Each structure stands twice: as structure tokens, then as C-alpha cells.
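Asker: Mind having a look at this structure? Questions to follow.
This is how it looks when you write it as C-alpha cells:
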């Protein structure tokens, strides 16, 4: 990692930085902070807790301890992720990871004083019940994959600093996630939207998302977890989409016409014969130990076509290489793609 230059960093992360609208004057210093794991937010920010005299409820705020210019290249800060998880594994993590339940209970404002006296199962249930309101997400996508292919949504809770920044419709900072490729780890970035003075309140927009920007009329709905609204009077009629909606963004599979004549398949028991493989990903193939194989550059020369991306050209393959075996079958997306089931 010591050899990662600023140019290398930008080349590998520019897509993320641009899509997250991170101003370019921060990029060089961000590289330095990621390389050195510099967490210097404590030099500029302070977390304040005010307890209500009526019910003892805690109110958390973050304030500036020194002036921060909007164009200061050093004004971008790393936020660690206290917990990264998949939703289906959240309960197991809370049960098995030492200290995680206590830390998440504190994040969510649960009663710390009674933590030792409350049934751990009830505490876990309470954390899971409230978690969705505070957790954030990002999506990991394999390079070159199309939208919806090989996407893995990841949930996370920012550390104490990031989690304590309150919401405002007129935020003073932005907080966005970034996946740092050299370490294969995600952080969040906090940077000012304007010049801030000592004592200013630090806030961010909880509805700052691509969805909110694409559909600004949804903003009040996206903020419902934090600022509840009554929408019982609004019509909930579900209009069935047209066929074009379901076909949009899809590439139809091309089936062979007529009867495809295949020759005698390859016999792997012949130890002198190598299996010819055409693939777009070698993560699995490189671990083959019981089969001799060679990689070919053209699909027409392959015995096996092994693809992670969805394969559509069955008709073409039946013409140029009718003997090839493919790791997919026509229209299998009906079974494997579930993104439209909720429509």
C-alpha cells in the first residue's frame, strides 16, 4: 500500500468520488488520510449529550470546536464503521460478538442503566426493531457488471461520531460511504457544505440519496422514520404496470431455431485431454484440481462456457460451437432474478 500514489488512488476511486459528489479539492488529502488511517475528526468536532429534565431522554449533538473553511483541503474526515453486516445475520452478530449488543443499545438510546438486568433476548429484539432507522447501506458491485447483476447490499452503523450527527433539512455537512479498495474496507466521509465557525451545529440530511434526488416529491416519505407524518388520507391504489415495464432493462434470450446437432461430448476420463474453458471470471476455475484445463480466448473454441454475467446468445453459440456446455439455461432469470417480485 505504501506505493499507492495519489494518481493511482484517483484512478481506482474516481467513480465513487464523483457519484458521491465529493469535491475534487479534497481528493489528494483524502488519499493521505486513507493511507495513514488518519481519524482526526476529534480535532474539529465535539459530541455533546443533553439529558431531558422531564424524562431523562438523551439528546445528542455535534458541534465545531474550531473554524472550518469549506475549501480547506484538509476538511474531509474519515468515519469508521462500528458494525458492518447483512440483515439476515444481524441477530447472530448481536448474540455472538462480544460487546456489540451493549454498543448498539447505546447508539440507539436504549436504557444503559438497566442493561445488566434486562433479558439479552429482549434487548436484542429491541435493537433489531429500531436498527433499520439508524443503519445505512451501500452496494458492492463487481466491476463490469450491469445493474442488478452481482450486487451485494451491505448494511452498516457508523461509529459514535457519525451516528451522533443529527438530521436537518439545511445540513452543514455531508456524510457518504466510500469503499477503499487497497484495504477492502469501507469508511464514511464527512466534509462541510459551507464554511463553519466554532460552536456551529453539525447536521446532515438523512434523505440525501439518489432516490430522493430522482423523486423530490418523495422526500417527506423518505424522512418518515425520523419525522413521522400522517399519510392515511392518501390513496393507496396499486396500478399494475404494463408489460413494457417488466421488459425494460431486460435482454431477451435468443434460442436456437430448429434442431441443434451435437457431436459426441468430450470424455474427461481421458487423462491426456484438457478441458477448454472460456470464462469471464476465474475465481472458481483456478481452484480446479481434478480436471486438466486450458483457458481459451474465443467462445467458439471452448468445451465449457462459464460466465458470471447473464448469457443470452444461445442461438449464436449453437451455430459457432454446438458442442459447448454453458453454465446457464435459457430464461433462467425467471427463477434467479427477484427484483420485480414486489411489483
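In our numbering, the protein residues as written are 1 to 343. C-beta: ideal position from N, C-alpha, C; glycine also. Just so you know, these numbers come straight off a predicted model, no measurement behind them.
Helix or strand or just coil, what does DSSP make of residue 299?
Answerer: Residue 299 sits at position 299 when you count from the first residue of the chain shown. If DSSP states are grouped into helix, strand and coil, residue 299 belongs with the helices.
Asker: Which partner residues does residue 279 have in the DSSP bridge list?
Answerer: Within the chain shown, residue 279 is the residue found at index 279, counting from 1. 306.
Asker: Taking the continuous beta strand (DSSP E) assigned at residue 58, which residues delimit it?
Answerer: As a first step, residue 58 is located in the chain shown; it is residue number 58 there, counting from the start. Per DSSP, residue 58 belongs to the beta strand (DSSP E) from 58 to 64.
Asker: Quick check on the DSSP output: the beta strand (DSSP E) that includes residue 316 runs from which residue to which?
Answerer: Taking the first residue of the chain shown as position 1, residue 316 is located at position 316. Segment 314 to 320 is the alpha helix (DSSP H) holding residue 316; no beta strand (DSSP E) there.
Asker: Closer than 6 Å by C-beta to residue 18: which residues in its own chain qualify, once you throw out the five before and the five after it? Chain order, please.
Answerer: In the chain shown, residue 18 corresponds to position 18, counting from 1. Cβ neighbours of residue 18 beyond the five flanking positions: none.
Asker: Buried or exposed: where does residue 305 fall if 16 or more other Cβ atoms within 10 Å of its Cβ makes it buried?
Answerer: Position 305 of the chain shown, counted from the start, is the residue given in the question as residue 305. By the neighbour-count rule (16 or more Cβ atoms within 10 Å), residue 305 is buried.
Asker: With DSSP run on the structure shown, which of helix, strand or coil describes residue 22?
Answerer: For the purposes of this step, residue 22 is identified with residue 22 of the chain shown, where counting begins at 1. Three-state DSSP puts residue 22 in coil, outside helix and strand.
Asker: Using 8 Å for Cβ pairs, my map puts residue 157 next to residue 83. What's the rounded Cβ distance?
Answerer: Start at 1 with the first residue of the chain shown, and residue 157 comes out as number 157. Start at 1 with the first residue of the chain shown, and residue 83 comes out as number 83. At roughly 4 Å, the Cβ-Cβ gap stays under 8 Å, so residue 157 and residue 83 are in contact.
Asker: What are the boundary residues of the alpha helix (DSSP H) that includes residue 285?
Answerer: Here the question's residue 285 lines up with position 285 in the chain shown. Run containing residue 285: none; DSSP gives neither H nor E here.
Asker: When you compare only the Cα positions, how much space is there between residue 367 and residue 337?
Answerer: This structure cannot settle anything about residue 367, because the visible part of the chain is limited to 1 through 343.
Asker: Let me check understanding here. Comparing Cα to Cα, which of 257, 27, 40, 49 lies closest to residue 201?
Answerer: Against the chain shown, residue 201 aligns to sequence position 201. Taking only the C-alpha atoms, the option nearest residue 201 is 49.
Asker: Under 7 Å, do residue 189 and residue 172 count as touching if we go by C-beta distance?
Answerer: Locating residue 189 in the chain shown gives position 189, counting from the first residue. Locating residue 172 in the chain shown gives position 172, counting from the first residue. No; because the gap between Cβ atoms is not below 7 Å, this pair is not in contact.
Asker: Going by beta carbon distance, what residues of the same chain come within less than 8 Å of residue 115, once the five residues before and after it are set aside?
Answerer: Counted from its first residue, the chain shown places residue 115 at position 115. Annotation note: pLDDT 48 at residue 115 (below 50); position unreliable, no value reported.
Asker: Is the CB-CB distance between residue 167 and residue 206 below 7 Å?
Answerer: Walking along the chain shown from the start, residue 167 turns up at place 167. Walking along the chain shown from the start, residue 206 turns up at place 206. Yes, Cβ-Cβ distance for residue 167 and residue 206 is below 7 Å.
Asker: According to DSSP, is residue 181 helix, strand or coil?
Answerer: Your numbering for residue 181 matches position 181 in the chain shown. Looking at residue 181 - three-state DSSP - the assignment turns out to be coil, as it is neither helix nor strand.
Asker: Are the CB atoms of residue 176 and residue 20 within a distance shorter than 7 Å?
Answerer: Taking the first residue of the chain shown as position 1, residue 20 is located at position 20. Taking the first residue of the chain shown as position 1, residue 176 is located at position 176. Taking 7 Å as the Cβ cut-off, residue 20 and residue 176 qualify as a contacting pair.
Asker: Could you check the C-alpha separation between residue 7 and residue 135 for me, to the nearest Å?
Answerer: Sequence index remark: in the chain shown, residue 7 carries index 7 (1-based). Sequence index remark: in the chain shown, residue 135 carries index 135 (1-based). If you take the alpha carbons of residue 7 and residue 135, they lie about 33 Å apart.
Asker: What would DSSP say about residue 232, mapped onto helix, strand or coil?
Answerer: Your numbering for residue 232 matches position 232 in the chain shown. Coil at residue 232, not helix or strand.
Asker: Nearest CA to the CA of residue 346: which residue from 314, 245, 278?
Answerer: The first residue shown for the chain is 1 and the last is 343, placing residue 346 beyond what the model contains.
Asker: Below 7 Å between beta carbons: does that hold for residue 302 and residue 296?
Answerer: Within the chain shown, the letter at position 302 stands for residue 302. Within the chain shown, the letter at position 296 stands for residue 296. Contact flag set, yes.
Asker: Under 8 Å, with one C-beta from each stretch per pair, do the segment 62 to 69 and the segment 25 to 35 reach the 3-pair mark?
Answerer: At 8 Å Cβ cutoff, the stretches do not touch.
Asker: Going by C-alpha distance, which of 94, 76, 277 is nearest residue 42?
Answerer: Taking the chain shown and counting its residues from 1, the one referred to as residue 42 is at position 42. Ranking 94, 76, 277 by Cα distance to residue 42 puts 76 first.
Asker: Compute the beta-carbon to beta-carbon distance between residue 316 and residue 254, rounded to the nearest angstrom, for a pair I have assumed lies under 8 Å.
Answerer: For this step, residue 316 is matched to residue 316 along the chain shown. For this step, residue 254 is matched to residue 254 along the chain shown. Yes, residue 316 and residue 254 are in contact; Cβ-Cβ is about 7 Å, under 8 Å.
Asker: Which class does residue 174 belong to by DSSP, given the choice of helix, strand or coil?
Answerer: Here residue 174 corresponds to residue number 174 of the chain shown, with the count starting at 1. Strand at residue 174.
Asker: Excluding the five sequence neighbours on either side, which residues of its own chain have a C-beta within less than 8 Å of the C-beta of residue 107, listed in chain order?
Answerer: Working through the chain shown from its first residue, we reach residue 107 at position 107. Hits under 8 Å: 82, 134, 157, 160, 163.
Asker: Decide if residue 277 is buried, meaning its Cβ has at least 16 other Cβ atoms within 10 Å, or exposed.
Answerer: The residue you call residue 277 lines up with position 277 of the chain shown. Residue 277 is buried by the Cβ-count criterion.
Asker: Could you please give the first and the last residue of the uninterrupted beta strand (DSSP E) stretch that includes residue 210?
Answerer: Taking the chain shown and counting its residues from 1, one reaches residue 210 at position 210. Where residue 210 is concerned, there is no enclosing beta strand (DSSP E), although the alpha helix (DSSP H) it sits in stretches over 210 to 214.
Asker: Of the residues 131, 211, 27, 4, which one's Cα is nearest the Cα of residue 14?
Answerer: Within the chain shown, the letter at position 14 stands for residue 14. When only C-alpha atoms are compared, the closest one is 27.
Asker: For the alpha helix (DSSP H) containing residue 219, list its first residue and its last residue.
Answerer: If you number the chain shown from 1, residue 219 lands on position 219. Unbroken alpha helix (DSSP H) run through residue 219: 219 to 222.
Asker: Which residue from 79, 284, 181, 193 puts its Cα closest to that of residue 169?
Answerer: Walking along the chain shown from the start, residue 169 turns up at place 169. Checking every option, the nearest Cα to that of residue 169 belongs to 193.
Asker: Residue 104 lies in the alpha helix (DSSP H); which residues open and close that run?
Answerer: For the purposes of this step, residue 104 is taken as the residue at position 104 of the chain shown. Counting along the chain, the alpha helix (DSSP H) containing residue 104 begins and ends at 100 to 107.
Asker: Out of 280, 275, 299, 140, which one is the CA nearest neighbour of residue 288?
Answerer: As a first step, residue 288 is located in the chain shown; it is residue number 288 there, counting from the start. Ranking 280, 275, 299, 140 by Cα distance to residue 288 puts 275 first.
Asker: Under 8 Å by Cβ, that's how I've got residue 311 and residue 283 pegged, so tell me the actual separation to the nearest angstrom.
Answerer: Residue mapping note: residue 311 aligns to position 311 of the chain shown, counting from 1. Residue mapping note: residue 283 aligns to position 283 of the chain shown, counting from 1. Their Cβ separation, rounded to whole angstroms, is 17 Å, which puts residue 311 and residue 283 out of contact at 8 Å.
Asker: Closest to residue 245 by CA distance: which of 61, 73, 96, 340 is it?
Answerer: Along the chain shown, read from residue 1 onward, the residue named residue 245 stands at position 245. The option with the nearest alpha carbon to residue 245 is 340.
Asker: Kindly indicate the opening and closing residues of the beta strand (DSSP E) around residue 137.
Answerer: Working through the chain shown from its first residue, we reach residue 137 at position 137. Element bounds for residue 137: 136 to 141.
Asker: Give, in chain order, every unbroken run of the alpha helix (DSSP H) that is at least 4 residues long and sits entirely within the segment 70 to 97.
Answerer: Listed in chain order, the complete alpha helix (DSSP H) runs (minimum 4 residues) inside the segment 70 to 97 are 90 to 96.
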